[in-house]
Structures are given as C-alpha cells and as structure tokens.
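Only one structure is covered here, and it is reproduced in the block below.
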Amino acid sequence: MARFGRRSLVGWALFGTAAVLSAAFGPGEDRPPQPVLRERISADARTGSTSGAEGDLLHGRVWSGPAPAATTVPSRDVLSLLRDDAPLPAPEVLGPMLGDLAGHPSLGQAVGYDVRDALTGRQLAGRSEREPRAAASTTKLLTGAAVLSLLGPDTTLPTRVVAGATVDEVVLVGGGDVLLARGRGSRDSVNGRAGLADLAARTAAALRAAGRTTVAVRLDDSAFTGPSLPQGTDAADVSAGFIAPVMAVAVDCGRVRQGQNGPRSPDPALAAARAFVRLLEARGIEVTGGIARARAPEEPSVLAQVSSAPIGELVEYMLTHSDNTVAEALARLVAVHSDRPATFADAGVAIVDRIDMLGVPTGGVTLIGGSGLGRRNVIPPATLTALLALAADPDHPELRTLLSGLPVAAASGTLTDRFTSQRSRAGAGVVRAKTGTLTGVSSLAGTVVDADGRLLVFALVADHVPSTSGAKSAGDAFAAALAGCGCR
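Its first residue numbered 128, the sequence shown is counted upward by one per residue in the working numbering.
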C-alpha cells in the first residue's frame, strides 16, 4: 500500500488548492444551475504524421468550458492542514459515528460505505463495503483511471481531414474528440481546445495549395461502433441533455445550442460534419453533393488536423462536470486500445480489466459503459476507496488528475451548491468527491482531510433511497463528519 512523505502529500494538496483558485475563469458552460444535471436526476431531485498513436486512429484505433466559478471560499487552507505525521482517527470512535450517519432514513436500508487512511490503506470504518451497489456517476472514477493508465495523461485526440478515395473527395475523420469548438479552438479551454474553424482554414489552405477549390466531403466516424446510446437511455435523455449519442466526433458534446444545457443532436457526428462544410464554404471552397459516411483510405494523405486537450484534462473535465458524453467517449477509447470492439458493453469489460491490472479489487464490479447511467453499473465501495488511494500514490503520477478533477465541496463542479448546511459546512473546501445520482441512487466518493490533517479516502453508496435530495444532504453530512473529526 502507498506510503507518502510530506512532499508527496503537500504535492497532492497543491492540486486541490490550485483547482479552486483556477476557478477565477468564471462559470463553466457545462455546470448547469442544478448541480447534478450531468447525471440523470430523479423527479424529487428536480424539486430539491500518420505514425504511432495518431496514425493508428485512421485504421480503427483511436488513441472545455472553463472551470466553474468558486462560489464559496474553502473553509480551511488544505495546504496548512495536511500532515503526514497526523494521528489516525480511532476506528472504535469513528465507526459508531459514521454508522449513525449512514443510518439516516434518507439513505434507505441499502447502504454501503468504506473509509480508509490514504497513507496506509488501513480501513477505519465500513459497512457492506464489498457488496456491489449501483454506483451512478462514481463509475466515472473507474473510467478515468482506466483511460489515464492506458493512454497516459498527455495523449491528445486528433480530428483530421484526409484525402479521400478519389481526387475530388476529402474525409473528415473523428478520433474521439467530442468537445470540438464550432469556431476557433482555445488553449484556455478543455471544451473547445480544438476548433472546427481552424480545421476548415487549414483544409482550405491545403486544397488551394494543391490547386483544388471544389470537393465532396465524406465523414468517417467508424472509430466507435455499436449502439450510440447506453442501455436504459433513449431519445428522451438526449432531448433532456443528459447524454448525446456517442460518436467519434462531436461539437460541444452534441449540444444543439452552444454552451447551453438542453437538447443534444440525434447525430452529433453528422452535425459536426455539416458545420465543417459550412466553414469550408465560407473559406471559398465549393462543396458538392451531400455528406456521406465513408471510411478513410488505409494510408491517406493528411490535409489538416486539430488536437483535443490532453487526456488528463479531459478526465478532469469529465469528473468535475460529471459529463456523461465525455465519459462514454473515453470508455470507447479504453475498449479500442484494449483490442475490443468500441461498444458500450466491451468498454465496460475493458475498464474493469484495466482497473484489475492496476491491482484494485474488482470483485463484484459490473459495468455496461463508462458514465454510470443505469442501475446495472455496480461497484462495491471498497473498490472506489482502493482506486482513490492508488491515485494518491506517488508511484502512479499518471492517475493524479483523478484527484485534481474531483469537485471541491461548496466550490466547484457538481458540489458547487452542496455542503452549505449547518450539518455539512465543515466539509466545504476540504472534501473533494465525485457525486453519483440516479433515481433511487445517491453516491459520493473522494478524499477528505480530517481535523488533525490526515488524508482519508471514502465512498458512500446508497441505491434504494426514498429521496434523492435528502440522500445527498445525508451524504454531505457523512463526509463533513470526516472533515470535522479527530475521533480519538
């Protein structure tokens, strides 16, 4: 199990503090007014070169908005609190306290939790921690860890235009970037790092250099295969903005209205291709005929390319905003690079296999995708805590953005509007956690610094809750108790 020196722990804390400070960018376009719109909200919640990795893409292997505003200043400075010599909470004190909190009626009778010391991995409290439960969007922790460990945090996803099968054709080739900008790309954004306008400008320049001003445009989105929506979702979820059909290329996660939560396109890849055609025509290139889907040639000439933000930043974005579409796109990449078909089911199997390879216990884990949409995605709380502890291990720097992407209590992402009550405010700025919400399901998994400066990892999963809004409040109180406790 991981052992940390002060330098390692302070380094981890710096990630957390920097993430809060960086929120000065302003409100992120993917953080909706309700804090869990990236997750499927129940009715009561509503009321309350072509070589290497890039070359592989062309042959079937695929190797954003700014951060949300910090509306609440962290209640304590994490850097000043974190101590590698801090005493451990006493299990005989912590256990009964958390048992009472986990027994809150709002959490229902099907509750599992696990709390461990991040330094030693020692269990401090738990109940049914190895029993699989519907994990909702805490599933994204496994997706993030799998893609980070497989591709690395620095890998980017290319969107390319290549020469087609005939001299008068070009092919738009999707590489898994579903966060393209409609206009020019921005180095300051994850959503929109790569821009269609830049791709069109470079394509037009390459065509003119070759003496061509008239082309037909084809679309190759064959990198992802199988159904475009996970089991348990349908057109109503697309219209509500919970998810877009998962395809190998998309603008702004398929949003119909740029930067706004709401309906998604029923065919994001085709919508991106149409936007590209309009931009190409605006640059003096005549586009003939309609857009047809066609695979790119085996060894194409690349005319233009734009690249996404690095995988590490995509994982941070996915976790902070709980973005289902990004999660499923990253899950497809895990499948492809595990030599599996790029389907939801194969992505789920590939993610579990990858987590198992990291040494994290996966007994009882079943995934049918990467976002956590649907009750068939089940994870024991002990798997979540083991993964979080591994991400804090200095021997696994490739996983570090799994921690830096966690929302900060009362400050960022899906926790912006939480941890504000008297029962939970002790966790503000100290708890960092991934939320999970489905109808009847509420989960929370992350890290917390206790009152003595000890770094703990925790997971709380309840999958038969009578009230989603009440369960969230009870979960906040559970995590806040860890933040406020010396418990000796």
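Glycine is no exception: its CB is placed at the ideal position from the N, C-alpha and C atoms.
Less than 8 angstroms separating the beta-carbons of residue i and residue j?
{"i": "alanine 213", "j": "aspartate 579", "result": "yes"}
{"i": "valine 300", "j": "arginine 287", "result": "yes"}
{"i": "alanine 262", "j": "serine 570", "result": "yes"}
{"i": "alanine 116", "j": "arginine 384", "result": "A question about residue 116 goes unanswered here, because the residues of the chain that appear run from 128 up to 615."}
{"i": "alanine 252", "j": "leucine 275", "result": "no"}
{"i": "valine 476", "j": "threonine 489", "result": "no"}
{"i": "alanine 555", "j": "alanine 537", "result": "yes"}
{"i": "aspartate 295", "j": "threonine 341", "result": "yes"}
{"i": "serine 435", "j": "alanine 321", "result": "yes"}
{"i": "proline 508", "j": "alanine 292", "result": "no"}
{"i": "proline 354", "j": "isoleucine 495", "result": "no"}
{"i": "phenylalanine 585", "j": "valine 238", "result": "no"}
{"i": "alanine 474", "j": "threonine 330", "result": "no"}
{"i": "proline 427", "j": "alanine 290", "result": "yes"}
{"i": "alanine 583", "j": "phenylalanine 605", "result": "The question names alanine, but residue 583 in the sequence shown is leucine. It is not a contact, given that the beta carbons lie outside the stated cut-off."}
Determine the closest residue to residue i out of the options, with distance taken between C-alpha atoms.
{"i": "arginine 581", "options": "Val535, Asp244 and Ala261", "result": "Asp244"}
{"i": "glycine 411", "options": "Asp522, Val535, Ala327 and Pro507", "result": "Ala327"}
{"i": "phenylalanine 351", "options": "Arg422, Pro223, Ala589 and Glu426", "result": "Arg422"}
{"i": "threonine 266", "options": "Gly230, Thr562 and Gly319", "result": "Thr562"}
{"i": "alanine 398", "options": "Leu228, Arg382 and Thr528", "result": "Arg382"}
{"i": "arginine 249", "options": "Leu529, Pro280, Leu215 and Glu413", "result": "Leu215"}
{"i": "glutamate 413", "options": "Arg335, Val378 and Val492", "result": "Arg335"}
{"i": "phenylalanine 601", "options": "Thr543, Gly567, His231 and Gly279", "result": "It is alanine, not phenylalanine, that sits at residue 601 in the sequence shown. Of Thr543, Gly567, His231 and Gly279, the residue nearest in Cα terms is His231."}
{"i": "leucine 406", "options": "Leu277, Phe369, Val344 and Leu514", "result": "Val344"}
{"i": "valine 557", "options": "Leu430, Val461, Ser531 and Ser449", "result": "Ser531"}
{"i": "alanine 598", "options": "Leu234, Val305, Gly226 and Leu284", "result": "Leu234"}
{"i": "serine 498", "options": "Val463, Ala606 and Leu269", "result": "Leu269"}
{"i": "glycine 312", "options": "Ala333, Asp379 and Ala337", "result": "Asp379"}
{"i": "arginine 559", "options": "Ala610, Val365, Asp364 and Ala469", "result": "Ala610"}
{"i": "alanine 608", "options": "Val592, Ser551 and Leu565", "result": "Ser551"}
{"i": "valine 487", "options": "Ala518, Pro534 and Glu258", "result": "Ala518"}
Which class does residue i belong to by DSSP, given the choice of helix, strand or coil?
{"i": "leucine 460", "result": "helix"}
{"i": "phenylalanine 131", "result": "Below a pLDDT of 50, predicted positions are generally treated as unreliable, and phenylalanine 131, at 38, falls in that range; the measurement from the model is reported next regardless. Three-state DSSP puts phenylalanine 131 in coil, outside helix and strand."}
{"i": "leucine 565", "result": "strand"}
{"i": "threonine 574", "result": "strand"}
{"i": "threonine 286", "result": "strand"}
{"i": "glycine 602", "result": "helix"}
{"i": "glycine 613", "result": "coil"}
{"i": "alanine 172", "result": "Bear in mind that the predicted position of alanine 172 carries a pLDDT of just 32, short of 50, making it unreliable; the figure below should be weighed with that in mind. Helix at alanine 172."}
{"i": "histidine 186", "result": "Low local confidence applies: a pLDDT of 34 at histidine 186 is under 50, so the model's placement there is unreliable, with the coordinate-based value given in what follows. If DSSP states are grouped into helix, strand and coil, histidine 186 belongs with coil."}
{"i": "leucine 446", "result": "helix"}
{"i": "arginine 559", "result": "strand"}
{"i": "valine 274", "result": "helix"}
{"i": "glycine 597", "result": "helix"}
{"i": "threonine 360", "result": "coil"}
{"i": "alanine 607", "result": "helix"}
{"i": "glycine 291", "result": "coil"}
{"i": "glutamate 181", "result": "Because the pLDDT at glutamate 181 is just 34, under 50, the model does not fix this residue reliably, and the value given afterwards should be weighed accordingly. Correct three-state label for glutamate 181: helix."}
{"i": "valine 365", "result": "helix"}
{"i": "arginine 391", "result": "strand"}
{"i": "glutamate 425", "result": "coil"}
{"i": "alanine 537", "result": "coil"}
Checking contacts by CB at 8 angstroms: is residue i closer than that to chain C?
{"i": "valine 242", "result": "Among the chains of the structure shown, chain C does not appear; only one protein chain is present."}
Taking the beta strand (DSSP E) that residue i belongs to, which residues open and close that run?
{"i": "aspartate 244", "result": "238-244"}
{"i": "glutamate 296", "result": "296-300"}
{"i": "glycine 222", "result": "It is not in any beta strand (DSSP E) - glycine 222 instead sits in the alpha helix (DSSP H) that spans 218-229."}
{"i": "serine 434", "result": "429-434"}
{"i": "phenylalanine 585", "result": "582-589"}
{"i": "glutamine 250", "result": "250-254"}
{"i": "alanine 377", "result": "376-378"}
Check whether the Cβ of residue i sits closer than 7 angstroms to any heavy atom of the ligand MG, and report yes or no.
{"i": "valine 294", "result": "The ligand MG is not part of this structure, which contains no ligands at all."}
Taking the continuous alpha helix (DSSP H) assigned at residue i, which residues delimit it?
{"i": "leucine 397", "result": "395-409"}
Legend entry - Continuous beta strand (DSSP E) assignments of at least 3 residues falling wholly in the segment 306-356: 341-347
Inset, instruction - Go through the segment 466-530 residue by residue and report every complete run of the alpha helix (DSSP H) that reaches 4 residues or more, in order. - result: 471-484 and 508-518
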